[in-house]
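Below: the structure, in structure tokens.
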Amino acid sequence: MIELLIFHLHIVGALYAFTKNWQSRRLRDGVLAVIIIGLFFTIGWALTSPIARLIMNSNLESIYFTRDTLSLVLLVIPESIFFYFFFLKDKTN
1363 MIELLIFHLH IVGALYAFTK NWQSRRLRDG VLAVIIIGLF FTIGWALTSP IARLIMNSNL
1423 ESIYFTRDTL SLVLLVIPES IFFYFFFLKD KTN
């Protein structure tokens, strides 16, 4: 269940980044924002999955919190920092 919440947050974040870049620049920039978020998610999940397997023993898994859930929770931390600096923070010169 936690995985679904995290996946939905990623979809909402990708839609926000697409809409913001599309409205302020071009359609191409919106598509590039979604691709960047997808790449960051894919590579990040591939990197946090082995870390979660080292941290969490298989006997600690439950229906609600598995190793994949832990890896997604570990991924949300750097992703939120990335999302803040690249999509939320105003770039005033």
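Counting along the sequence shown from 1, when you hit position 50 you're at 1412 in the working numbering, and nothing is skipped either side.
All residues carry an ideal CB built from backbone N, CA and C; glycine is no exception.
Just so it is clear, the structure is predicted and the values come from calculations on it, not from any experiment.
Neighbourhood of residue i by C-beta, 6 angstroms cutoff - its chain only, sequence neighbours within 5 removed
i	result
residue 1437	1406, 1407, 1410
residue 1380	1392, 1395, 1396
residue 1449	1379
Residue i to residue j span [Cα, whole Å]
i	j	result
residue 1363	residue 1426	6 angstroms
residue 1400	residue 1446	16 angstroms
residue 1385	residue 1378	11 angstroms
residue 1370	residue 1376	10 angstroms
residue 1414	residue 1421	13 angstroms
residue 1423	residue 1374	28 angstroms
Spatial neighbours of residue i in its chain, beta-carbon cut-off 8 angstroms, leaving aside the 5 residues before and after
i	result
residue 1440	1406
Cβ-based neighbour list, residue i, same chain, cut-off 7 angstroms, excluding 5 preceding and 5 following
i	result
residue 1430	1365
residue 1402	1441, 1444
Rounded distance between the beta-carbons of residue j and residue i, thought under 8 angstroms
i	j	result
residue 1418	residue 1432	5 angstroms
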